[in-house]
Amino acid sequence: MTRSKIILCRSAALIAVLSSVAPAQTLRELAQKRGVLIGTAHSGRTSDTEYLDLMGREFNQVEAENATKFGPIHPAEDSYNFAPVDTMVEYAAAHKMRVRGHVFVWHNQNPKWITDGGLSPEQLAAALQKHIATVGGRYRGKIFAWDVVNEAFLDNGSLRDTVWLNKPGIGLNGTKYMEKSFRWAREADPDAKLFYNDYSAEGVNAKSDAIYEMAKDFKKRGVPIDGIGLQAHLRLSAAGNLASIEANIKRITELGLQVHITELDVRIPVDASGKASESDIEAQAKLYGAVASICLKYPLCTSIQTWGFTDKYSWIPRTYPGFGAALLLDRAFQPKPAYKALLDALAATK
Ligand code: 9MR
Numbered sequence: 005m006t007r008s009k010i011i012l013c014r015s016a017a018l019i020a021v022l023s024s025v026a027p028a029q030t031l032r033e034l035a036q037k038r039g040v041l042i043g044t045a046h047s048g049r050t051s052d053t054e055y056l057d058l059m060g061r062e063f064n065q066v067e068a069e070n071a072t073k074f075g076p077i078h079p080a081e082d083s084y085n086f087a088p089v090d091t092m093v094e095y096a097a098a099h100k101m102r103v104r105g106h107v108f109v110w111h112n113q114n115p116k117w118i119t120d121g122g123l124s125p126e127q128l129a130a131a132l133q134k135h136i137a138t139v140g141g142r143y144r145g146k147i148f149a150w151d152v153v154n155e156a157f158l159d160n161g162s163l164r165d166t167v168w169l170n171k172p173g174i175g176l177n178g179t180k181y182m183e184k185s186f187r188w189a190r191e192a193d194p195d196a197k198l199f200y201n202d203y204s205a206e207g208v209n210a211k212s213d214a215i216y217e218m219a220k221d222f223k224k225r226g227v228p229i230d231g232i233g234l235q236a237h238l239r240l241s242a243a244g245n246l247a248s249i250e251a252n253i254k255r256i257t258e259l260g261l262q263v264h265i266t267e268l269d270v271r272i273p274v275d276a277s278g279k280a281s282e283s284d285i286e287a288q289a290k291l292y293g294a295v296a297s298i299c300l301k302y303p304l305c306t307s308i309q310t311w312g313f314t315d316k317y318s319w320i321p322r323t324y325p326g327f328g329a330a331l332l333l334d335r336a337f338q339p340k341p342a343y344k345a346l347l348d349a350l351a352a353t354k
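Mind the numbering: the sequence shown is residues 5 to 354 in the working numbering, read in order.
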């Protein structure tokens, strides 16, 4: 062997040894090893390169926080705003990330032409079908899973009054309007995984019971539903609800449905400068780790997604004054204990 060949072999051996002992560094490396997806909402800040770089480094799934909702993507009957979504889809492809779609049918963030356009139920049904066909069709093969319906139930388990159900609605009673939407979504993209998504339905309660019953009925009758999204916008008190969260994940997966944790964040009290107490930050970390560990116990719980990853861009302070610091990295992109807890949960042996 020549001298240069020997050096080459030695360095290859050294690299092999180093990479076998070096711990995997990022959330996505650990998630990949376990065969799960680790995702984040994308705030749309495309000029913040540090933000984009970190997102691509840590996550293997991304979902638009707003850009794929009905109003933002379809603001007028004949006009679609695809550009921000196309940009996200290209970014995801460049970083080898999967893309989740959010959402076709929701009571919020609908455009005026839908909510105030005086459309009849027949016209609304046609508009919704066309919307699903157009948006779902455009991203066929690029968006691997869609929240078809979001937040259709109230906390007491009854159906929410919405433009799609009864104000004026698309002309179908009860859960039939959702059934129709799932069927339209399947037609638009036969390969996309189709989800029902909601909040305050992580544990077993009146709302999650109603969702479970609907999903069971849909499965039984062949309505194309593939999973339930559990948003998981949590407070520290959720630490007392972990057994119930596990029971709910268990019963959903026993139906043969997937679970995606879709919007995980844990809001904690902050002072006027946005600072939280050490003990709350530690308790928050434990909760992130615990929720992830529960999901990882169930092979059909296939994705853990946080609603953003840096406290620099989070919906919490705007919506819950006095609360914040809900995500994995602080406002300067420094990892918090929650980040480490999630790493540890992903690294833990089964
Ligand atoms: O984070 C989103 C925020 O930027 C929007 O202003 C808000 C409008 O309703 O929607 C937020 O995202 C919501 C998601 O689409 C559905 N589940 C609850 C999320 C937080 O409100």
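Heads up, the beta-carbon is just placed ideally off N, CA and C, and yes, glycines get one too.
These numbers come from a predicted model, not from an experiment.
Under 8 Å between C-beta atoms of residue i and residue j
i: Lys-301; j: Ala-345; result: no
i: Leu-163; j: Gly-178; result: yes
i: Glu-318; j: Asp-269; result: According to the sequence as given, residue 318 is Ser; it is not Glu. Contact flag set, yes.
i: Ala-149; j: Arg-104; result: yes
i: Trp-214; j: Gly-161; result: It is worth fixing the name first, because residue 214 is Ala in this sequence and not Trp. Closer than 8 Å, so yes.
i: Asp-151; j: Gly-233; result: yes
i: Tyr-95; j: Glu-155; result: no
i: Gly-328; j: Pro-321; result: yes
Beta bridge counterpart(s) of residue i as assigned by DSSP
i: Glu-94; result: In DSSP, Glu-94 forms no bridge with anything.
i: Pro-273; result: Phe-327
i: Cys-299; result: DSSP, once it has assigned bridges, lists no residue as partnering Cys-299.
i: His-106; result: Asp-151
i: Gly-43; result: Gln-65, Gln-309
i: Thr-257; result: Per DSSP, none; premise fails for Thr-257.
i: Thr-179; result: In the DSSP output, where bridge partners are listed per residue, Thr-179 has none listed.
i: Ser-83; result: Ala-80
Residue i to residue j span [Cα, whole Å]
i: Pro-115; j: Gly-121; result: 9 Å
i: Thr-310; j: Leu-176; result: 34 Å
i: Asn-85; j: Gly-75; result: 9 Å
i: Val-153; j: Val-107; result: 7 Å
i: Tyr-143; j: Glu-62; result: 24 Å
i: Glu-206; j: Asn-252; result: 7 Å
i: Tyr-181; j: Met-218; result: 12 Å
i: Ala-45; j: Ala-68; result: 6 Å
i: Arg-102; j: Lys-73; result: 18 Å
i: Ala-324; j: Ile-265; result: Contrary to the premise, residue 324 reads as Tyr rather than Ala in this sequence. Distance between the alpha carbons of Tyr-324 and Ile-265: 21 Å.
Per-residue DSSP class, three states only, for residue i
i: Gln-235; result: coil
i: Gly-140; result: helix
i: Phe-74; result: helix
i: Phe-157; result: strand
i: Phe-199; result: strand
i: Thr-50; result: coil
i: Glu-206; result: coil
i: Ile-320; result: helix
i: Gln-262; result: strand
i: Ala-129; result: helix
i: Thr-314; result: strand
Exposure label - residue i; buried when at least 16 CB within 10 Å
i: Thr-257; result: buried
i: Thr-314; result: buried
i: Gly-47; result: For clarity, residue 47 is Ser in the given sequence; the question names Gly instead. Looking at its Cβ environment, which holds 16 or more other Cβ atoms inside 10 Å, Ser-47 is buried.
i: Thr-353; result: exposed
i: Asp-195; result: exposed
i: Gln-235; result: buried
Residue i beta carbon near ligand 2 (any heavy atom closer than 7 Å)
i: His-46; result: With respect to small molecules bound, the structure shown includes ligand 1 and not ligand 2.
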